[in-house]
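Numbering (our numbering), first residue to last: 268 to 838.
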Amino acid sequence: MVIIMKKQGYYFMIFGVFMLLLIGTAPMSSPNEKFIPLNPFEFMVQPQRHSDYLPVETTLDPLTSLDDHTYLSDEDFAAIDWSSYEPNSFVEFDLETRTKKIISNKDALDGLEYDPDLFQPKKGIKPTYNGHIGDMLAAAASELGSSSLSIYDTIRASTIFPPDDRAVVADTTAFPFSSVVKIYVTTPDGPRYMGSGAIIDDTHVLTVAHVGYIIADGGLVTSMEIIPGKTGSYEPYGSYYARHIRMPMEWLISASSQYDYALVTLAQPIGATTGYMGVATYNRFDPVYTSKVYTAGYPGDLSGGYVMYNTTDVGTSADEWNHWFKLDTYGGQSGSAIWTKNSSGEYIISILAYEYGQGDGAGSNFGTRISQDVYNQLASWIGQDEDPVEKPEFRPIFWDTTAEPWQYLYKGQTKFRILSDIENLGRMDVEELTVGFYLTNDSELTLDDYLIGTKTIGNLDVLESKAVNWYGNIPRSVPNNRYRIGFIIDPFNELDEYEEDNNAKLVGTIQIVVANSISYNFFTSPLGLGLTIGGGTLIVGGTTAGIVIGVKKRKKRNISPQERLKHKQSN
268 MVIIMKKQGY YFMIFGVFML LLIGTAPMSS PNEKFIPLNP FEFMVQPQRH SDYLPVETTL
328 DPLTSLDDHT YLSDEDFAAI DWSSYEPNSF VEFDLETRTK KIISNKDALD GLEYDPDLFQ
388 PKKGIKPTYN GHIGDMLAAA ASELGSSSLS IYDTIRASTI FPPDDRAVVA DTTAFPFSSV
448 VKIYVTTPDG PRYMGSGAII DDTHVLTVAH VGYIIADGGL VTSMEIIPGK TGSYEPYGSY
508 YARHIRMPME WLISASSQYD YALVTLAQPI GATTGYMGVA TYNRFDPVYT SKVYTAGYPG
568 DLSGGYVMYN TTDVGTSADE WNHWFKLDTY GGQSGSAIWT KNSSGEYIIS ILAYEYGQGD
628 GAGSNFGTRI SQDVYNQLAS WIGQDEDPVE KPEFRPIFWD TTAEPWQYLY KGQTKFRILS
688 DIENLGRMDV EELTVGFYLT NDSELTLDDY LIGTKTIGNL DVLESKAVNW YGNIPRSVPN
748 NRYRIGFIID PFNELDEYEE DNNAKLVGTI QIVVANSISY NFFTSPLGLG LTIGGGTLIV
808 GGTTAGIVIG VKKRKKRNIS PQERLKHKQS N
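What follows is the structure, given as structure tokens:
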């Protein structure tokens, strides 16, 4: 059957194509210009990264005197140049170069005078959260209300041993808890362990030797990660790695509790931001050792060892090398500071190392006492390290986007947002900071991916965070494809940081689809159109010129009455 279309039909065809063009100039799904904030810190924390770490045992049965036994692994025993060994030597392990050497203390200690004011406490800086995290914290604080409790009100005193009186530290950024660190170590034979420690100056952490050298699993640890103020997955000051570990040679020879202490040198300074307690030594008969003492750390029997707990009780006695106390402890707390408090601040007087008994309260837990020899040894070790260099160090603590999963974003027209909060964890304020926003096809973001825009902010101070957001559309130079969204802090390396390879961040796991708009295809494709509409494809044959000719109005012609009648009868 032949159909002759009315002339109005041509106008409808023209109108239909025109509407198709209009549809092509608008996004097929409008971007969500709002984001739903999750609970505070949900974006700034990482998933728990240490789920398979075991507590370093405090139930060791330490020797009480030196003997012919060596605690060194066979490999380390063979690697050390024993010709330099003499009494009061120490061993220095370099975790970056994997070298070990014995160093004599004779010259260093003989010329060292005791300075009681060398290790003084210093309060740190509490993080200042602006941007999206700051807004969420302010909202949470207004709902929960403020508290006037001091940090020591959270420590519940106890004169009974047992029961267990350990309490969660509610605010690990409050001094002195900000200087308490979680320690994660890996061993040559595979097992991984967790312990505790305390920052005592800008770049040094005090702990016990048996956290850094575990003979049952190959000896010297292969890596040591330090996380100040950790609670759950929240790491308010970031995480850092050990560069050097120093410990007495006598401990490696005998594993004696008299020498179970170690000093860790970090790869970058953190003490100025976290703060640090002082270190003090007293005559072993001083009443400070039988008075009220405090400790905080990460016991492995509570909250999986991921949460900081504190407790307080009284000391019971001290000798030349050790200090006994009624503090409740457990594996994973090895290396925790035992401190006292006076008008000048908090001072570490011993290091938690061992526990005895079966939890029935028999006996006392004890640790390595900061004797004058230990005090001088720590001072000597610190003097051998270079002064820290001041640099900034950045990390992302919040990320989000208004783009929806699998949303079609049309180049040059669909606008969306990428949201971020950037924090300065370093030792130096910066006047301005640039963040680059990218699209990538890979699971990792690099400078070789597609840069879609940048944003620069000013004045980011130490331990301050600010929002750095981008709003725009995708450049036409980006190929059509599926992409993940991300950003890179300081992409052009304009600022010298402590670490330069940790500035890239993917925004979740969502993927988006980048495509040309219909109107762009319509006017630029010479051989036919493949129009992507809502995830499907409409094929339009012929050239653009052919489509225009096909909808052009036909010329008007006269029809005789006979032809009109014939046509009517046929229908």
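All C-beta atoms in this analysis are idealised placements derived from N, C-alpha and C, irrespective of residue type, glycine included. Remember, predicted model here, so these are calculated numbers, not experimental data.
C-beta contact flag for residue i and residue j at 7 angstroms
i                 : j                 : result
leucine 773       : leucine 712       : yes
tyrosine 528      : threonine 635     : yes
tyrosine 507      : leucine 533       : yes
isoleucine 779    : alanine 670       : yes
valine 574        : valine 435        : yes
aspartate 432     : threonine 562     : no
isoleucine 637    : threonine 548     : yes
phenylalanine 683 : phenylalanine 754 : no
histidine 399     : phenylalanine 633 : no
glutamine 208     : asparagine 740    : The question about residue 208 has no answer, for the chain in this structure spans 268 to 838.
serine 601        : valine 472        : no
aspartate 361     : histidine 511     : yes
lysine 389        : glycine 496       : no
methionine 544    : isoleucine 605    : no
methionine 516    : phenylalanine 357 : yes
proline 655       : aspartate 469     : yes
arginine 513      : leucine 487       : no
isoleucine 785    : threonine 668     : no
threonine 607     : valine 560        : yes
isoleucine 392    : threonine 583     : no
valine 781        : valine 745        : yes
glutamate 363     : isoleucine 370    : no
leucine 700       : isoleucine 724    : yes
isoleucine 689    : isoleucine 618    : no
lysine 733        : asparagine 397    : yes
serine 463        : serine 603        : yes
arginine 694      : proline 566       : no
Bridge partner(s) assigned by DSSP for residue i
i              : result
histidine 511  : Asp361 and Thr532
valine 472     : Ile466 and Val531
alanine 434    : Asn577
methionine 403 : Note: methionine 403 sits in no beta bridge, so no partner.
tyrosine 501   : Thr498
serine 490     : Thr453
alanine 483    : Answer is none; alanine 483 lacks a bridge partner.
leucine 727    : Val697
valine 448     : Gly464 and Pro495
threonine 366  : Asp361
arginine 459   : Thr453
asparagine 720 : It is worth fixing the name first, because residue 720 is glycine in this sequence and not asparagine. DSSP output for glycine 720 lists Phe704 as bridge partner(s).
N-terminal and C-terminal residue of the alpha helix (DSSP H) that residue i is part of
i             : result
aspartate 640 : 639 to 650
Enclosing beta strand (DSSP E) for residue i [first to last residue]
i                 : result
methionine 516    : Element bounds for methionine 516: not the beta strand (DSSP E) but the alpha helix (DSSP H), 516 to 521.
glycine 775       : 771 to 782
glycine 612       : 612 to 621
arginine 636      : 632 to 636
isoleucine 605    : 604 to 609
lysine 393        : That residue, lysine 393, is in no beta strand (DSSP E); it is neither H nor E in DSSP.
valine 754        : Just to set this straight, residue 754 is phenylalanine in the shown sequence, not valine. 748 to 756 is the extent of the beta strand (DSSP E) around phenylalanine 754.
tyrosine 738      : 737 to 739
phenylalanine 665 : 661 to 668
Contact with chain C by residue i, beta-carbon distance below 7 angstroms
i          : result
lysine 393 : Among the protein chains of the structure shown there is no chain C, as only one such chain exists.
Can you list, in chain order, the stretches of the alpha helix (DSSP H) that have 4 or more residues and sit fully within the segment 523 to 600?
-> 538 to 541
Is the segment 448 to 461 close to the segment 479 to 496, with three or more CB pairs under 8 angstroms?
-> yes
Is the segment 628 to 644 touching the segment 661 to 675 in the sense that three or more CB pairs, one from each, lie closer than 8 angstroms?
-> no
Could you name each continuous beta strand (DSSP E) segment of 3 residues or more that falls completely within the segment 671 to 718, going from the start of the chain to the end?
-> 675 to 677, 683 to 691 and 697 to 707
Touch check for the segment 516 to 524 and the segment 593 to 612: three-plus C-beta pairs under 8 angstroms?
-> no
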